[in-house]
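In what follows, a single structure is set out as structure tokens and then discussed.
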Amino acid sequence: MHDPRIDELAKQLVRYSTATKKGDKVLIELFDVPEEVGISLIREVRAAKATPFVNLHNAKIARELARGATEEQYGLIASTAMHQMQEMDCYIAIRGSHNVNELSDVPAARMQMLSGKMRPVLNERVNHTRWCVLRWPHPSMAQSAGMSTEAFEDFYFRVCLLDYAKLKPAMNALAKLMTKAKEVHITGPDTDLRFSVAGIPAIPCGGSHNIPDGECFTAPVKDSVEGVVSYNAPSIYQGIAFDNVRLEFSQGKVVKATANNTKAINRILDTDEGARYIGEFAIGFNRHIKEPMRDILFDEKIAGSFHFTPGQAYEVADNGNRSSVHWDLVNIQRPEYGGGEIRFDGELIRKDGQFLPRALQPLNY
0 MHDPRIDELA KQLVRYSTAT KKGDKVLIEL FDVPEEVGIS LIREVRAAKA TPFVNLHNAK
60 IARELARGAT EEQYGLIAST AMHQMQEMDC YIAIRGSHNV NELSDVPAAR MQMLSGKMRP
120 VLNERVNHTR WCVLRWPHPS MAQSAGMSTE AFEDFYFRVC LLDYAKLKPA MNALAKLMTK
180 AKEVHITGPD TDLRFSVAGI PAIPCGGSHN IPDGECFTAP VKDSVEGVVS YNAPSIYQGI
240 AFDNVRLEFS QGKVVKATAN NTKAINRILD TDEGARYIGE FAIGFNRHIK EPMRDILFDE
300 KIAGSFHFTP GQAYEVADNG NRSSVHWDLV NIQRPEYGGG EIRFDGELIR KDGQFLPRAL
360 QPLNY
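Just so you know, we're using numbering that gives the first Met the number 0 here: the sequence shown kicks off at 0 and counts up by one.
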């Protein structure tokens, strides 16, 4: 039996998240998701009098291609993908891979080559289309979240169908405050970071690019970051599981990086010059997402969290950093995770995950 929530989600993605309009060309990329999802999206795009285009992907096939990838091969793949992306007005991607570690045995050098070849396509999508990406629920995700499959599906639709428009006034107030700020100071267990955000805009995210959503991001002035940050949310990057990531900074650069797999994290940070600099600072506030599940589209929105991202900066909040890496690493500051504070120009903005200014309090969990 067809789940009507799929149609509700498709309508939100097409009509609200990407604001699809008559005449638009919409690229739909589906990674191991049920056919009903693609069908519902195609129908909704057509109902908006736009034209759907569909790419189907399979994680096991992608792994096999990646294991023997060559630069010539992926140069051509990237060139073809770039041509298609440049023709599109909107982009919707839904990823439902059953195994988040599917690429873990692809040689690291090949993963770095693939990332470098495909990064310009991703940048084209991010900077020149109205885009939205999300995951699709699967028992493996429920397992990572510590939930039953049915409970996770209910959680999934609840967080994805959140009334983001209702939160816009508070999100805009936070963006205004972040844009006005010059200096940021973040403290918490084994965390003491200072950096400048002067002159770099802040962007509120309320369901228009990622689903689930609920963050406001900017970027630090590239060479301004000083101090240390310890991330207490686990992460997966390039198919490798990381825990207890700790970064030390001097003049904006990561000068020391440790984790449960210190060798692997330093290999990633040595991908290119920009990988050891920060491209994004964001504050997360989706009240329905409380615990990490090694899925960044959920974890970066955790209530009471922030993420501090090595690698590529977004052009809409640009500090000039360029890299094939963009790794959203998350620190949760709610009391049960040790607490913490965020200050803008000396003013306490958030304490133990709760916003203090009245205009921002609707964002509290």
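Ideal Cβ placement from N, Cα and C applies to all residues, glycine included.
- A residue is called buried when at least 16 other Cβ atoms come within 10 angstroms of its Cβ; asparagine 100 does not meet this threshold and is exposed.
- At the C-beta level, isoleucine 282 and isoleucine 331 stay beyond 9 Å of one another.
- One alpha carbon belongs to methionine 112, the other to arginine 66, and they sit about 11 Å apart.
- Taking the Cβ atoms as the reference, isoleucine 202 lies roughly 7 Å from alanine 174, within the contact range of under 8 Å.
- In the three-state reduction of the DSSP assignment, threonine 79 falls in the helix class, which pools H, G and I.
- For serine 322, the CB contacts under 6 Å within the same chain, skipping 5 residues up- and downstream, are Asp271, Gly273, Ala274, Gly310, Gln311 in chain order.
- Shortest Cα-Cα distance from isoleucine 93 to any of Arg129, Ala77, Trp135 involves Trp135.
- Under a 10 Å Cβ-count criterion, glutamine 72 is classified as exposed, with fewer than 16 other Cβ atoms of the shown protein chains found around its own Cβ.
- Going by beta carbons, glutamine 237 and serine 114 fall inside the 9 Å limit.
- Counting along the chain, histidine 56 sits inside no alpha helix (DSSP H); it lies in the beta strand (DSSP E) bounded by residues 50-56.
- Asparagine 126: member of the alpha helix (DSSP H) spanning 107-127, first to last residue.
- Its chain contains Phe354 as the residues whose beta carbon lies nearer than 7 Å to that of glutamine 360, once the 5 sequence neighbours on both sides are disregarded; these appear in chain order.
- For asparagine 209, the three-state secondary structure derived from DSSP is strand.
- Distance between isoleucine 76 and aspartate 104, taken at the CA atoms: about 21 Å.
- Excluding sequence positions up to five before and after valine 125, its CB lies within less than 7 Å of the CB of Tyr313, all in the same chain and listed in chain order.
- Here DSSP, grouped into helix, strand and coil, assigns threonine 69 to coil.
- Excluding sequence positions up to five before and after asparagine 363, its CB lies within less than 6 Å of the CB of Gln353, Phe354, all in the same chain and listed in chain order.
- Comparing alpha carbon positions, the residue from Ala197, Leu121, Arg45, Asn57 closest to serine 96 is Asn57.
- In this structure, DSSP gives tyrosine 155 a helical state, which the three-state scheme calls helix.
- In this structure, the beta-carbon distance from valine 220 to glutamate 247 does not fall below 9 Å.
- Residues of the same chain with a CB within less than 7 Å of the CB of phenylalanine 297, apart from the 5 flanking positions on each side, are Pro211, Ile288 in chain order.
- Excluding sequence positions up to five before and after arginine 157, its CB lies within less than 8 Å of the CB of His287, all in the same chain and listed in chain order.
- Unbroken alpha helix (DSSP H) stretches of 4 residues or longer found wholly inside the region 230-317: 261-268, 295-298, given in chain order.
- In the displayed model, tyrosine 364 falls within coil according to three-state DSSP, outside both helix and strand.
- At the C-beta level, alanine 164 and glycine 206 come within 9 Å of one another.
- The residues Val183, Pro219, Ser223, Val224, in chain order, have a CB closer than 6 Å to that of phenylalanine 194 in the same chain once the five nearest residues on each side in sequence are set aside.
- Taking every protein chain shown into account, the CB of glutamine 11 has 16 or more other CB atoms within 10 angstroms, so this residue is buried.
- By the beta-carbon neighbour count (other beta carbons within 10 angstroms, threshold 16), arginine 129 is buried.
- With a cutoff of 9 Å on beta-carbon distance, serine 229 and aspartate 294 are scored as not near each other.
- Taking the Cα positions, methionine 146 is about 35 Å away from asparagine 122.
- The DSSP-derived three-state label of alanine 92 is strand.
- Rounded to whole angstroms, alanine 240 and glutamate 279 show a C-alpha spacing of 21 Å.
- Sequence-distant Cβ neighbours of alanine 47 in its own chain, meaning closer than 8 Å and more than five residues away, are Val13, Arg14, Thr19, Lys20, Lys21, Asp23.
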